[in-house]
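I have placed the structure first, in the form of structure tokens, so that the comments after it can refer back to it.
Numbering (my numbering), first residue to last: 1466 to 1531.
Structure follows, in structure tokens:
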């Protein structure tokens, strides 16, 4: 699943940054809005093959294993 980075503004006008693993840019925007933020920038993160592998491995682990 693609990874999207975002910059958004919260209800207090503070800038927030983060990443979301979702299927599309539209889904990322919807999720950001659901969190109560106003998205100002959303872009797909282009992983190198090594980064993609690490992300998949991390996703499969339980919280106590990381």
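Where is the CB? At the ideal position from N, CA and C, for every residue including glycine.
Item checked: Per DSSP, the bridge partner or partners of residue 1510 -> 1468
Check: Thinking just about the alpha-carbon of each residue, which of 1476, 1474 and 1489 is nearest to the one in residue 1509?
Finding: 1489
Next item on the list: Tell me whether the beta-carbon of residue 1486 lies closer than 8 Å to the beta-carbon of residue 1466.
Entry: yes
Notebook entry, point to check: If you draw a straight line from the C-alpha of residue 1504 to the C-alpha of residue 1476, how long is it?
Noted result: 11 Å
Check: When burial is assigned at 16 or more other CB atoms within 10 Å of the CB, is residue 1474 buried or exposed?
Finding: exposed
Next item on the list: Compute the Euclidean distance between the alpha carbons of residue 1469 and residue 1478, then round it to the nearest angstrom.
Entry: 22 Å
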